[in-house]
Amino acid sequence: MKNYLILFFALVGYSCLAQQFRVDWKDIPEHWCEKLDTLGQDGLPILSEEEGLFLADYFKQEGQSLDLKGKKIAFICSVSKTDKARFFQDVRSRYFELNRSVSCRLYVFDENQNEQTGGYDGAIVFWSKRMLKPKKIISILKSS
């Protein structure tokens with residue numbers, strides 16, 4: 020019995036480290052599925068109007084009302100800075116091949132964090148097993 024309890028708490032503890040945000044595609048307006056190929060075509064950190072609207076719908080489940088159009092967003096894969104082209108490529112491939120979403124989390128920066136990161140309004144961290152603290156994200160952005 021003792022071994023079962025240890026195993027149970029070990030599994031529960033490990034699962035608490037994993038990011039839990041996943042999109043259910045039935046909650047995303049259908050027109051986005053047709054437009055996925057047009058998103059993330061450049062490597063610029065500034066979101067286009069369509070990218071901003073898509074991400075607002077994508078992260079809507081977090082209970083946030085978002086206006087991401089024209090915002091400067093950093094993209095971090097695990098613990099390395101990347102670009103939005105990589106993120107949208109992963110979103111497309113997961114949707115078209117598996118009808119699943121990318122494990123990710125949106126961080127919206129305050130004025131102080133915006134200044135520390137060199138003008139980023141927020142960050143999307145994807146494929147990370149742990150939820151990164153804003154301090155760690157700022158550190159990643161400063162070092163890249």
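For what it's worth, this note's numbering labels the leading residue of the sequence shown as 20, then goes sequentially.
Beta carbons are placed, not taken as given, at the ideal position from N, Cα and C, and that holds for glycine.
On a predicted model such as this, the values are computed, not experimentally measured, just so you know.
Using a Cβ-Cβ distance cut-off of 8 angstroms, the segment 130 to 143 and the segment 110 to 117 are not in contact, since fewer than three pairs of beta carbons, one from each stretch, lie closer than that value. For Arg124, DSSP records a beta bridge to Val144. Following the DSSP letters along the chain, one finds Phe94 inside the beta strand (DSSP E) bounded by residues Ile92 to Cys96.
Contact annotation: Phe94 and Phe107 have beta-carbon atoms that are not nearer than 7 angstroms. Taken in chain order, the complete alpha helix (DSSP H) segments of 4 residues or longer contained in the segment 57 to 87 are 68 to 77.
Beta bridge pairing from DSSP links Ser99 with Cys96. As the crow flies, the alpha-carbon of Glu70 is around 20 angstroms from that of Asn133. Distance from the CA atom of Phe78 to the CA atom of Ser162, rounded to whole angstroms, is 27 angstroms. DSSP places Asn133 inside the alpha helix (DSSP H), whose first and last residues are Glu130 to Gln135. A buried status is given to Gly59, since no fewer than 16 other beta-carbon atoms sit within 10 Å of its beta-carbon.
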